[in-house]
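Colleague: According to the working numbering, the sequence shown is numbered sequentially starting from 2. Sending over a structure as structure tokens; questions will come in a sec.
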Amino acid sequence: MRLFLILLFLAMPLITQAQEATQPDTTISVENSVQQDAAIAVRIREIIHQLDGYENVAVYVSDGIVTLRGTTLDAATAEALTGLVARVEGVVAIENEVSETTDVVERLTPAVERLWNRLEQTVAFLPLLLVAVFAGLLVAWAGYLIARLKNPWDRMAPNAFIADIYRQIVRLFFVVLGVVLALDLLNLTALLSTILGAAGIVGLAIGFAVRDTVENFIASIMLSMRQPFRPKDLVEIEGDTGHVIRLTSRATILLSPDGNHIRIPNSKVFSSRIVNYTRNDERRFTFTLGVDANADIAEAQEIILGALNELPYLLETPGPSTWVDEVGDSNITITAAGWVKQHETGLFMARGEAIRLAKARLEEAGITLPEPTYRLITDSTIRPAPAQSAQAPGDARDEVAPVVAMPVHAEDMQELQRIVDAERAETAHDDLLTREAPQE
2 MRLFLILLFL AMPLITQAQE ATQPDTTISV ENSVQQDAAI AVRIREIIHQ LDGYENVAVY
62 VSDGIVTLRG TTLDAATAEA LTGLVARVEG VVAIENEVSE TTDVVERLTP AVERLWNRLE
122 QTVAFLPLLL VAVFAGLLVA WAGYLIARLK NPWDRMAPNA FIADIYRQIV RLFFVVLGVV
182 LALDLLNLTA LLSTILGAAG IVGLAIGFAV RDTVENFIAS IMLSMRQPFR PKDLVEIEGD
242 TGHVIRLTSR ATILLSPDGN HIRIPNSKVF SSRIVNYTRN DERRFTFTLG VDANADIAEA
302 QEIILGALNE LPYLLETPGP STWVDEVGDS NITITAAGWV KQHETGLFMA RGEAIRLAKA
362 RLEEAGITLP EPTYRLITDS TIRPAPAQSA QAPGDARDEV APVVAMPVHA EDMQELQRIV
422 DAERAETAHD DLLTREAPQE
């Protein structure tokens, strides 16, 4: 109780100040006039009768003091009456005894009237609304008809994927145009900026949420337009090697030489180093052989070069070559290279056959390929193993059949190509490499 009295005492100056602020600040006349009081009362009644919400307010004036009694729908309306009456000439003071009504009918009647007025406005506004909606839908429908045309979108785009993007852009443009037209007919163009602002914020949030998907989509567009590889090309992308099966809107699908599917996101493909082995039909293979350090290096190179020349599938131009690559502790490494047409000859089979034939020719010439030499330190009490006797001339190894070059074809590559063709036939609708496009 004491706390309540203290708070009330502290609030009294504020209440007094508020009352003083709403009271008239005009000079009080020393003369009293009944006619003037009547005129003030009449003027106040005329004013409040023109305003809504003051039907139950009575006005009394005596000696310039205005007393207001009655009820209003809310307290704010009653408080506003004090400021209005204070502006009337001749008013000395105001006693506002108007309170907020508690009558249910009085409080519901204005709400029902407002609802009814809004319903009438909606009915009157309905024809214009229907015209605006019809105009917007007509423009959007025209955009859909234009987007469905086969030309010029298929002719302008390098593939069906880009053509569909063009169509989506046209549809979106006409939809936005229809919305703008409808809002303009309804005189609500100011609402368009609010809608665009909200759409921008939502689009930014969605963009951050699906950033990887957006990156893959944009990379798919760039890859399908420039196409750094063609269907069935043998490519290497960041260490992954395989034949291109298809390019989708999300990833690039490869078939490895082992028959495995490799799926690489397009965002990574677009920003990665791409090696296309199929673009040039001529391809070089290399291999190394280590010969004895005491052997004649020039003779060994000639023997290896002669072995390569025996292979009928190696190209004459550019021809095979050899060079000394490294001198080791116990051998000398010679690197040999040869060129083949990879679409006619299997590269790996050709390389293997070249190694086999070169090794055989070196051994026929008496040039050995030494094994690694190790020095073992053992206990002196351990008896060394008896040395094996040298093989006598005329041993069975001297009767080995001569080594000849074997034919090499591209059957393995053809089998992979058949697998790729089958894969592409099953998913042709989801491939972005179905049409020719500029290559990088």
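Beta carbons are placed, not taken as given, at the ideal position from N, Cα and C, and that holds for glycine. Note that this is a predicted model, so its numbers are computed, not measured.
Have a look at the DSSP bridge pairing and note the partners of Asp155.
Modeller: Looking at the DSSP assignment, Asp155 forms no beta bridge with any residue, so it has no partner.
Colleague: Contact between the region 141 to 152 and the region 170 to 190: three or more CB pairs below 8 angstroms?
Modeller: Judged by Cβ distances under 8 angstroms, the region 141 to 152 makes contact with the region 170 to 190, as three or more pairs qualify.
Colleague: Quick one: grab the DSSP three-state call for Leu281.
Modeller: The amino acid occupying residue 281 in the given sequence is Asn; Leu does not appear at that position. Here Asn281 sits in coil by DSSP.
Colleague: When you compare each of Ala351, Leu417, Val171 to Phe288 by their alpha carbons, which one comes out closest?
Modeller: Comparing Cα-Cα distances from Phe288 to each of Ala351, Leu417, Val171, the minimum goes to Ala351.
Colleague: Considering only residues of the same chain and omitting the five flanking positions on each side of Glu98, which have a CB-CB separation below 7 angstroms?
Modeller: So the qualifying residues of the chain are Thr68, Leu69, Arg70.
Colleague: Could you check the C-alpha separation between Ala296 and Leu290 for me, to the nearest Å?
Modeller: C-alpha separation (whole angstroms): 13 angstroms.
Colleague: Return helix, strand or coil for Phe286, following the three-state DSSP convention.
Modeller: Phe286: strand per DSSP, three-state reduction.
Colleague: Note down the Cα distance separating Pro258 from Ala252, rounded to an integer number of angstroms.
Modeller: Whole-angstrom Cα-Cα distance: 19 angstroms.
Colleague: Enumerate in chain order the residues of its own chain whose CB-to-CB distance from Thr334 is below 7 angstroms, with the five nearest sequence positions on each side excluded.
Modeller: Cβ neighbours of Thr334 beyond the five flanking positions: Thr289, Gly291, Asp326, Glu327.
Colleague: CB Arg280 to CB Leu348, shorter than 8 angstroms?
Modeller: Not a contact, by the Cβ cut-off of 8 angstroms.
Colleague: Looking at Arg425 and Ile246, is the spacing between their C-beta atoms short of 8 angstroms?
Modeller: Contact flag set, yes.
Colleague: Any idea if Val341 is buried or exposed, counting beta-carbon neighbours within 10 angstroms, 16 or more meaning buried?
Modeller: Val341 is buried by the Cβ-count criterion.
Colleague: Could you check whether the Cβ of Ala355 sits closer than 7 angstroms to any heavy atom belonging to the ligand MN?
Modeller: As for the ligand MN, it is missing from this structure, which has no ligand bound.
Colleague: Is the Cβ-Cβ distance between Thr83 and Ile95 less than 8 angstroms?
Modeller: Cβ atoms of Thr83 and Ile95: closer than 8 angstroms.
Colleague: Classify His262: buried if its beta carbon has 16 or more other beta carbons within 10 angstroms, exposed otherwise.
Modeller: Looking at its Cβ environment, which holds fewer than 16 other Cβ atoms inside 10 Å, His262 is exposed.
Colleague: Is the separation between the beta-carbon of Val236 and that of Asn277 shorter than 8 angstroms?
Modeller: Cβ distance < 8 angstroms, so Val236 and Asn277 count as in contact.
Colleague: By DSSP's criteria, Val99 is part of a beta bridge. Which residues make up the other side?
Modeller: Partner(s): Gly71.
Colleague: How big is the Cα-Cα spacing for Ala164 and Pro128?
Modeller: One C-alpha to the other measures close to 39 angstroms.
Colleague: What number of angstroms, rounded off, separates the C-alpha of Ser322 from the C-alpha of Gly367?
Modeller: Answer to the nearest angstrom: the Cα atoms are 22 angstroms apart.
Colleague: By the three-class DSSP mapping on this structure, what secondary structure does Leu309 have?
Modeller: It is helical.
Colleague: Give me the Cα-Cα distance between Asn57 and Ile41, rounded to the nearest whole angstrom.
Modeller: Approximately 18 angstroms, taken between the alpha carbons.
Colleague: Report yes if the C-beta distance between Ala359 and Ala337 is below 8 angstroms; otherwise report no.
Modeller: It is a contact, given that the beta carbons lie within the stated cut-off.
Colleague: Per DSSP, which residues does Pro266 bridge with? Please list them.
Modeller: Ala252.
Colleague: Assuming contact is defined by CB atoms lying nearer than 8 angstroms, are Val132 and Leu192 in contact in what I supplied?
Modeller: No, the Cβ-Cβ distance between Val132 and Leu192 is not below 8 angstroms.
Colleague: In this structure, does DSSP put Gly65 in helix, strand or coil?
Modeller: Coil.
Colleague: Where Ala355 and Asn332 are concerned, what is the direct C-alpha to C-alpha distance, given to the nearest angstrom?
Modeller: Rounded to the nearest angstrom, the two C-alpha atoms are 20 angstroms apart.
Colleague: At what residues does the beta strand (DSSP E) containing Leu235 begin and finish?
Modeller: Residues 235 to 238.
Colleague: When you compare only the Cα positions, how much space is there between Asp53 and Leu130?
Modeller: Each residue's Cα considered, the two are about 31 angstroms apart.
Colleague: Can you tell me which residues form a DSSP beta bridge with Lys342?
Modeller: The partner list for Lys342 (beta bridge, DSSP) reads Glu283.
Colleague: In the structure shown, what three-state DSSP assignment does Asp53 receive?
Modeller: Note: Asp53 maps to coil in three-state DSSP.
Colleague: My output table needs one value for Arg119: the three-state DSSP class, helix, strand or coil.
Modeller: Reduced to three states, the DSSP call for Arg119 is helix.
Colleague: By the three-class DSSP mapping on this structure, what secondary structure does Val92 have?
Modeller: Val92: coil per DSSP, three-state reduction.
Colleague: Drop a sphere of 10 angstroms on the beta-carbon of Phe271, count the other beta-carbons inside from all chains shown, and report buried for 16 or more, exposed for fewer.
Modeller: Result: buried.
Colleague: Where does Asn217 land, buried or exposed, given buried means 16+ other C-beta within 10 angstroms?
Modeller: Under this definition Asn217 is a buried residue.
Colleague: How would you write the range of the alpha helix (DSSP H) that Thr78 sits in, first residue to last?
Modeller: From DSSP, the alpha helix (DSSP H) with Thr78 extends over 76 to 86.
Colleague: Pull the bridge partners of Gly260 from the DSSP assignment, please.
Modeller: In the DSSP output, where bridge partners are listed per residue, Gly260 has none listed.
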